[in-house]
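Just below is one structure, and these are the notes that go with it.
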Amino acid sequence: MNVAARARSTCPLCSGSRHAPYVVVKGYAYHRCADCGFAFLDPMPSQIDLNAGYQGHKGIAADYYPHPSSRRRKAFFRALRLIRRIRGRSVIDLGCGGGFFVGAARLLGAATATGVDVDASTIAYARRAFPGCDFHCASLDSFVPATRYELVHCSEVIEHAPDPHVLMRLLLACCRPGGYVFVTTPDLGSRYVPARIEEWPGFAPPVHTGLFTEENLRALFDRYGFRPVLRLPPRKTGMKLLFRLESAS
Ligand SMILES: [Zn+2]
């Protein structure tokens, strides 16, 4: 990926200026904020370069997606965990890839099931594999939802956002007051992160632009009116949290 980037002077999460070099992976430098613990690429790649790099990877096409049956199975069990927020509800998956979660949500009785992804080939696959669902090809920094949803699924996406606040504003625009956001992301604070941190797969530059701890992720969501309601048991070094958006009343 051709990465045009600029060095930052402040933390993309808390705007603090006290950050220092943390780890170098594949020639990319991550810094860590002394105030909030967020680790981020410095210099930070631009969203435009990242979006270009997401197109058509792994040979994905309308009639091909790697390991489709295991993805269907995983998505089904994920959706089953969230069934109370899915059945009879409107659901959107931001960064939906091949649409596996969207398809599972529809199968489990979602009233409407929508997916958004920047990669045109994954959307072509999703449209063909999951008829009866609604798919949009758009980057998450430019997508404007036509309506608000009762469940927003956003899995392994926030670590790709050069500016997490842009994604938070999208979550807010997509989520109905009183609705839910389910988010998963690698957990830099996990006890299973190896002592030699450069060996942790969470650091995947240039696409993983920022790595959270559970504490700073919760603080970020709290700032936008999302309160934690459920924490699914982590698998390896990931975290899985369900938040509820405060209702206006
Ligand atoms: Zn910070």
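Take any residue in the sequence shown, note its place counting from 1, add 1183, and you have its number in my numbering. Cβ atoms here follow ideal geometry from the backbone N, Cα and C, with glycine treated the same way.
Query                                                                                                                                                : Result
Alpha carbon to alpha carbon, what distance is there between Arg1406 and His1348?                                                                    : 10 Å
Could you tell me which of Leu1196, Cys1197, Arg1191 and Ser1198 sits nearest to Pro1204, measuring between CA atoms?                                : Arg1191
Could you round the C-beta distance between Phe1365 and Cys1337 to whole angstroms and report it? I think they count as a contact, below 8 Å.        : 7 Å
Between which two residues does the alpha helix (DSSP H) harbouring Arg1175 extend?                                                                  : Residue 1175 lies beyond the range of the chain shown here (1184 to 1432); nothing can be said about it.
Would you mind working out which of Ser1200, Gly1220 and Asp1225 sits nearest Ala1212, comparing C-alpha positions?                                  : Asp1225
Does the Cβ of Ile1276 have 16 or more other Cβ atoms within 10 Å, making it buried, or fewer, making it exposed?                                    : As written in the sequence, residue 1276 is Asp, which differs from the Ile given in the question. The residue is buried, with at least 16 neighbouring Cβ atoms inside 10 Å.
Run the CB neighbour count on Thr1392, radius 10 Å, all protein chains shown included, and call it buried at 16 or more, exposed below.              : buried
Run the CB neighbour count on Pro1228, radius 10 Å, all protein chains shown included, and call it buried at 16 or more, exposed below.              : buried
Could you tell me the alpha carbon to alpha carbon distance between Ala1217 and Tyr1248, rounded to whole angstroms?                                 : 41 Å
Below 8 Å on the Cβ atoms is my guess for Tyr1332 versus Cys1357; work out the distance and round it to an integer in Å.                             : 6 Å
Can you have a look at Arg1384 and say buried or exposed, based on whether 16 or more other CB atoms are within 10 angstroms of its CB?              : According to the sequence provided, residue 1384 is Pro. The question's Arg does not apply to it. So Pro1384 counts as exposed.
By Cβ distance, which residues of its chain are closer than 7 Å to Pro1417, with the 5 residues on each side in sequence left out?                   : Asp1370, Ser1373 and Lys1423
Across which residues does DSSP place Val1376 in a beta bridge pair?                                                                                 : According to DSSP, which records beta bridges pairwise, Val1376 is partnered with nothing at all.
Counting only the same chain and skipping the five closest in sequence on each side, list residues whose C-beta sits under 8 Å from that of Ser1304. : Gln1238, Gly1239, Ile1243, Ala1244 and Ala1245
DSSP three-state call for Phe1349: helix, strand or coil?                                                                                            : At residue 1349 the sequence reads Val, which differs from the Phe that was named. Val1349: helix per DSSP, three-state reduction.
Look up Pro1389 in the DSSP assignment and say whether it is helix, strand or coil.                                                                  : coil
Rounded to whole angstroms, what is the Cα-Cα separation between Val1376 and Val1390?                                                                : 19 Å
List the endpoints of the continuous alpha helix (DSSP H) containing Pro1251.                                                                        : Pro1251 to Arg1264
So what does DSSP say about Cys1357, is it helix, strand or coil?                                                                                    : helix
Determine, for Pro1411, whether the minimum Cβ-Cβ distance to residues of chain C falls below 9 Å.                                                   : The question asks about chain C, but that chain is absent: this structure has only one protein chain.
Report buried or exposed for Phe1260, applying the criterion of at least 16 other Cβ atoms within 10 angstroms of its Cβ.                            : exposed
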